[in-house]
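Let me begin by presenting the structure, written as structure tokens, before commenting on it.
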Amino acid sequence: MWNRLATVWQHDDSRQASRWDADRAPGLRLVLLWLGMIAPLFVVAVRMVQLQVTLRDDFATGFEQTYEAREEIPARDGRILAADGSVLAGETERHELQVHFRLVQEPADASWIRREALKQLSRLERRDKPRVVAEETRVQQQREELWSRLRLLTELSVEQVAAARQAVQQRVAQTKQAVIKQREQREAAYGNGDSLTSLGSGAGWQRAWDRVRSELTQPPSRPVHSGPIAEEEGFHTIASPVTADTKSEIEAHPDRYPGVRVITLRRRAYPQGELAAHVIGTRTPLSPQEASARREQQLSGNARLDEQFEGQHSEQRDDRAGDRVGRSGLELQYDSHLHGQRGERRLVKNRRGEVIHSEVLREPQHGRDLVLTLDADVQRRAEQLLDEALANVTLAGTTDNESHQDTAREATCPKGGCLVAIDVHTGAILAAAAAPRFDLNLLVASDANGWRDVLADPRKPLFSRATQMALAPGSVFKIITAVAALESGKLNADAPIYCQGYLDRPDQHRCLTYRHFQTGHGEMRLADALCRSCNVYFFTAARRMGPQTLADWADRFGIGQATGVDLPSESHGRLPSPHETEAGQRRRWHPGDTLGLAIGQSELLVTPIQMARAMAAVANDGQLVTPHFASASGPATLNEGPSFRPVFAHPEARPIEGLHSSTLDRVREGLVMVVHDSHGTGFKTVKLKDVTIAGKTGTAETNGADHAWFAGYVPAERPRVAFVVVLEHGGSGGKAAGPVARQFVSSLLELGLVTPSASLARE
Ligand SMILES: [Zn+2]
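Just so we're aligned, residue 400 is where the sequence shown starts under my numbering, counting upward by one.
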């Protein structure tokens, strides 16, 4: 053929070929046509061969090797530390060993074994039946070897591993059954819907049209899908917890442990259990519903951002289900400070799931530590004292307040108690103890039984008493009555007022001594009246100055207002005013209300933290501080570097307007006598040899048993700590709260927070 073609060309060249000549060689035309058709096919064929043979491996490996995945980088939440650096809230890690379901399954799934075997073989080898069978045996063998390696690594027995695998398999089987059932039900429901749409219309063409339309608009009905469910293609926990060594061994040798991984679970932990439980509060994961609600809230721009404290994050947060958020206490208050923000990593993996490239897209931002002013030892001691006092409370008669009826009161169980101690100059809270309490770990460890007990306890262990409990202060309030009367100019501290035991009539507005002994206190000066808690003296003072002056001074001492303490949901208490209207109706203010207010009754309600602040103001010469838990500086023992140092600027102490030192001097004189004069209501129960204590007892009348109060400060000569003890329905302030106050001050001395008075005098 080629020869003939050559001669044709030759023939062409030698003589100028005419149309005639061409016509005389039809073979040439056919050959040219044939070439024109075959040549492109030939090119395609060559290319196909090249693709199949030469380039195949390049493409195949390219397809097999890279797929991309995104992975979250977990962030740590900040810790909450006491002033000495001891951890009150931190994190624990638990490692769980997980194995892919196909490896857990016993006996192994035959089609899975086949797939795994084929993966290891080339195309050619796959056609070789005996070769495939041999490879399947090898896969099975590798599977068994893996399990014996895992047993060795985790030190679990054959039985333990078998039990764990069986449990997983059972669980997955149950899930699968449920899923299939659900699918069947859905199919059935879909079938019904379909038949309904084809009913209805009358005319034949209309029915036909409806049929066509439903065919076009509805997805085709598929047979019930019985393929693998997610659990069959996922990882399952086989051992938990496993050691960090196990984790690193598995991560370092992915080839030795195919289909095995170790996940690390973090959760909030409260190593001190009940200590300061109400203050610390809780941090638990968001449910999916909560997470989506939060996102919507953020989108609508209503996100609650804690911007009242400097140094807090205020960027938009990407809260997802499972993220932990503060729910109460300091965990809530300083959530944005403590909250860690997860990072993100891009991974490039090969088909076997091995990471061949990783790149951090966003670094995780760990939450910052929160250092408290709370002294762990003082707090612990305060809690012990409260617990002991509440266990011992017996309802004794009252000693220092007489405004209630003589009728025997029904004994009620004491509900709880509270002890708050603050630095008189800065407002730093040293202790905020409440009883009863609860173990914070109950919440994070989902201990349902323990939790039920806490909720069922009638004493309300969850109630954050220091800042949320508002009670009548009783005679403790006489301190403010004294200041108001002196500052109004209506009372001379040195001019005696005669107490006959009652104000006007022997059956009302009496002193306690009259109730017990039918005698009055006699001639009283201010200091004596505070010392012996003479009601008649303060009734007289209140009458002279009137209710408005009294309410005004209570307001200046912060009664009826939030103190601004850094805990959520602080109670304002209640300061009744002679001018107030209640729910639109003006309530008449009776003269008896003025007398009641003077001795801390009427409708007056105060929180322990409010009373501690008022006491600090008496001690520090009239400065109203802002009580706070977050330390402004943090302890020197932390070595995380300056970025971890919190910078919390608490409001500065502000002077109480119009309050004179001379007034406070006269009041303080009386408060020392309460404890150190033999007539004082705190003499028997509060006095200590080593340190001068100033304070005031209070026995607040209630519908049940009285509330017992003691509020004071130490050392009286150079005040450092103001404190308040209150026992709900604890009875007499002197008898019930007094001993707690005394032991608490002893603890302050022992712990070196307060200097003995003798050494102060020597200085
Ligand atoms: Zn009296």
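Using N, Cα and C, we set each Cβ at its ideal position, and we do this for glycine too.
Treat the numbers as computed from the prediction; the structure is a model and nothing was measured.
query                                                                                                                                                       : result
Compare the Cα-Cα distances from GLU648 to each of LEU731, ARG548, LYS575 and report the closest residue.                                                   : ARG548
In this structure, does DSSP put HIS494 in helix, strand or coil?                                                                                           : strand
If you measure from the CB of GLY1094, is any heavy atom of ligand 1 nearer than 7 Å?                                                                       : no
Helix, strand or coil for GLY849? Go by DSSP, reduced to three states.                                                                                      : helix
Classify TYR733 as buried or exposed, calling it buried when 16 or more other Cβ atoms lie within 10 Å of its own Cβ.                                       : buried
What is the DSSP secondary structure of GLY995, reduced to helix, strand or coil?                                                                           : helix
Looking at the unbroken alpha helix (DSSP H) that takes in PHE916, where does it start and where does it end?                                               : 911 to 916
For GLN565, count the other beta carbons within 10 Å of its own beta carbon; 16 or more makes it buried, fewer makes it exposed. Which is it?               : exposed
Hey, how far is the Cα of ALA1024 from the Cα of LEU902?                                                                                                    : Per the sequence shown, the amino acid found at residue 1024 is Val instead of Ala. Taking the straight line from one Cα to the other gives about 36 Å.
Which residue wins for smallest C-alpha separation from ARG745, given the options ILE1092, GLY766, GLU470?                                                  : GLU470
Looking at the strands, I want to know which residues DSSP matches up with PRO1054.                                                                         : GLN1022
Tell me which same chain residues have a C-beta within less than 6 Å of the C-beta of LEU829, skipping the five on either side of it?                       : ASP774, VAL777, ALA820
According to DSSP, simplified to helix, strand and coil, what is PRO640?                                                                                    : strand
With ASP951 as the anchor, note down where its alpha helix (DSSP H) starts and where it stops.                                                              : 946 to 955
Would you kindly report the start and end of the unbroken beta strand (DSSP E) that includes CYS898?                                                        : 896 to 898
Just to check, is the beta-carbon of CYS930 closer than 7 Å to a non-hydrogen atom of ligand 1?                                                             : no
Please report the straight-line C-alpha distance between ALA881 and ALA690, rounded to a whole angstrom.                                                    : 53 Å
Among the residues of its own chain, which have a CB less than 7 Å from the CB of TYR936, if the five just before and after it don't count?                 : ILE896, CYS898, MET923, ALA928
Taking 7 Å as the line, does the beta carbon of HIS908 fall inside it for any heavy atom of ligand 1?                                                       : no
Would the beta-carbon of ALA1107 fall within 8 Å of that of GLY1094?                                                                                        : no
Would the stretch 488 to 496 count as touching the stretch 779 to 788 if we require 3 or more Cβ pairs under 8 Å?                                           : no
Ends of the beta strand (DSSP E) at ARG761?                                                                                                                 : 754 to 761
Decide if ARG904 is buried, meaning its Cβ has at least 16 other Cβ atoms within 10 Å, or exposed.                                                          : exposed
For HIS978, which of GLN947, GLY991, LEU994 has the nearest alpha-carbon?                                                                                   : GLN947
Tell me whether the beta-carbon of ARG694 lies closer than 8 Å to the beta-carbon of ASP722.                                                                : no
Give a single yes or no on whether VAL935 has its beta carbon closer than 7 Å to a heavy atom of ligand 1.                                                  : yes
DSSP state of TYR733, grouped into three classes?                                                                                                           : coil
Does the contact criterion of 3 or more C-beta pairs under 8 Å hold for the stretch 869 to 878 versus the stretch 997 to 1009?                              : yes
Can you check the stretch 474 to 540 for any beta strand (DSSP E) of at least 3 residues that lies completely inside it and give the ranges in chain order? : 486 to 499
Helix, strand or coil for ARG986 per DSSP?                                                                                                                  : coil
Would you give the residue range spanned by the alpha helix (DSSP H) that ARG694 belongs to?                                                                : 687 to 698
Between which two residues does the beta strand (DSSP E) containing VAL678 stretch?                                                                         : Here VAL678 belongs to no beta strand (DSSP E); instead the alpha helix (DSSP H) covers 676 to 679.
When DSSP builds the beta bridges, which residues end up paired with GLY1111?                                                                               : GLY1094, PHE1122
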